[in-house]
Amino acid sequence: MAGTPDSRVWFVTGSSSGFGLALIEAVLAINERVVATLRDVTKLADLQAKYPAEQLLILPLDVTNTAQITQVFQQIEQHFHRLDVVVNNAGYALAGEIEGIPEDEGRRQLDTLFWGPVAIMKEATRFFREVNPKGRGGRILNISSIGGYDASPLVAYYAAGKFALEGLTQSFNKEMPPQWNIKATIIEPGAFATNIWTSGLVMTPPHPAYPPDDAPTSQYRKIITQWEPIGDVKKAAQAIILVAADNDAPLRVQLGSDAWLGVNLRANTTLKDQEKWAAVSHGTNLDSHSGPEAIAKLKALMGA
Numbered sequence: 478m479a480g481t482p483d484s485r486v487w488f489v490t491g492s493s494s495g496f497g498l499a500l501i502e503a504v505l506a507i508n509e510r511v512v513a514t515l516r517d518v519t520k521l522a523d524l525q526a527k528y529p530a531e532q533l534l535i536l537p538l539d540v541t542n543t544a545q546i547t548q549v550f551q552q553i554e555q556h557f558h559r560l561d562v563v564v565n566n567a568g569y570a571l572a573g574e575i576e577g578i579p580e581d582e583g584r585r586q587l588d589t590l591f592w593g594p595v596a597i598m599k600e601a602t603r604f605f606r607e608v609n610p611k612g613r614g615g616r617i618l619n620i621s622s623i624g625g626y627d628a629s630p631l632v633a634y635y636a637a638g639k640f641a642l643e644g645l646t647q648s649f650n651k652e653m654p655p656q657w658n659i660k661a662t663i664i665e666p667g668a669f670a671t672n673i674w675t676s677g678l679v680m681t682p683p684h685p686a687y688p689p690d691d692a693p694t695s696q697y698r699k700i701i702t703q704w705e706p707i708g709d710v711k712k713a714a715q716a717i718i719l720v721a722a723d724n725d726a727p728l729r730v731q732l733g734s735d736a737w738l739g740v741n742l743r744a745n746t747t748l749k750d751q752e753k754w755a756a757v758s759h760g761t762n763l764d765s766h767s768g769p770e771a772i773a774k775l776k777a778l779m780g781a
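Numbering (our numbering), first residue to last: 478 to 781.
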């Protein structure tokens, strides 16, 4: 069955497996329309045979190729003439000690996890504002990770890419004029049965300076190989659809009890540290600005 002419159009990167594949299948199942992008389009041959072009458009895309990103958005405009939800999902994990990862590998990780989504968000913003009817806007869902809120050893570049994406998303929302009706949400999954820690993992050899048994990175190498995912990607896909439909969705949504707990513990630790060091923080003000007075003025300025 083809998607109805007025149904939402989704654009999803990294559609070959994991969250991306589960999401496009779930969206198609509710009779909405999808632009599925991935590097090897043959991996979606079965879906292409099942759904008509009016509902499913499959396009090749390497998110590190900005010219290709521009071309994809042009094709979306020509094919569907609208776009409602953009999901930045493509990615892989780079693991190794910070000292042991070659700079070009670290930069490639950031290109995929951060700069690719940056280019896509810019194109999406233009599309939502200038191609969609005025005020319809659109939603951007950036797939981050619990590692984008609470970093672990061995995956510093992965965490850096996700942290950067989360910071960008927060600034993005604050930049959008309300009348454009454009909003982004960060999705923070925990451990799911995807290929991110298998075929999607690039592991560098251990750095020789780090003890092979008791160094934190050595311990984490063992954890990665023994990791037992608790998340269900099909349930995650339904949750993402729910978030995309909620105009009041928060900045961050965690998927999985492990992600929820990780964010909860880190946030509470941050608050406790704030309270413990409050005197030091306020003590660096000019003598003419007491802590309570400065906070009151800043809250008034920010409308908080």
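Backbone N, C-alpha and C define an ideal beta-carbon position, used for all residues, glycine too.
Q797 versus R516, L560 and Q548, residue with shortest Cα-Cα distance: Because the chain is modelled from 478 through 781, residue 797 falls outside the range shown and cannot be assessed.
Local conformation of L719 per DSSP, three classes: helix
Whether W487 touches V562 by CB criterion (7 Å): yes
Spatial distance of G625 from Y528 (CA atoms): 35 Å
Residues that DSSP places opposite T681 in a beta bridge: Paired residues: none, contrary to the question.
Residue range of the alpha helix (DSSP H) that includes P529: Here P529 belongs to no alpha helix (DSSP H), and DSSP marks it neither H nor E.
Anticipated Cβ contact below 8 Å, A458 with W704, distance rounded: Residue 458 lies beyond the stretch modelled for the chain, which goes from 478 to 781, so this question has no answer here.
Of the listed residues V489, D691 and I718, nearest to G593 (C-alpha basis): V489
Beta-carbon proximity list for P630, same chain, < 6 Å, skipping 5 on both sides: P693, T694 and Y697
Three-way DSSP call (helix, strand, coil) for I501 in this model: helix
Buried/exposed call for I700, threshold 16 Cβ in 10 Å: exposed
K611 (DSSP reduced to helix, strand or coil): coil
Residue range of the unbroken alpha helix (DSSP H) whose run includes F669: Counting along the chain, F669 falls outside any alpha helix (DSSP H), and DSSP gives it neither H nor E.
Cβ neighbours of D764 in the same chain (closer than 7 Å, five flanking residues each side left out): none
Rounded C-alpha distance that separates G768 from P666: 37 Å
Segment contact, 8 Å Cβ cut-off, at least three pairs: the segment 633 to 641 with the segment 564 to 573: yes
The segment 658 to 665 touching the segment 717 to 730, judged by at least three CB pairs closer than 8 Å: yes
For Q731, the residue or residues it bridges with in DSSP: E665
Where the beta strand (DSSP E) containing L571 begins and where it ends: A570 to A572
Opposing strand residues paired with P537 [DSSP bridges]: L515
Buried or exposed (CB count within 10 angstroms, at least 16 for buried), I507: exposed
Best match in P689, H684 and W657 for proximity to P579 [C-alpha to C-alpha]: H684
Three-state secondary structure assigned by DSSP to L618: strand
Straight-line Cα distance separating S648 from R510: 29 Å
Beta carbon of G614 nearer than 7 Å to that of F604: no
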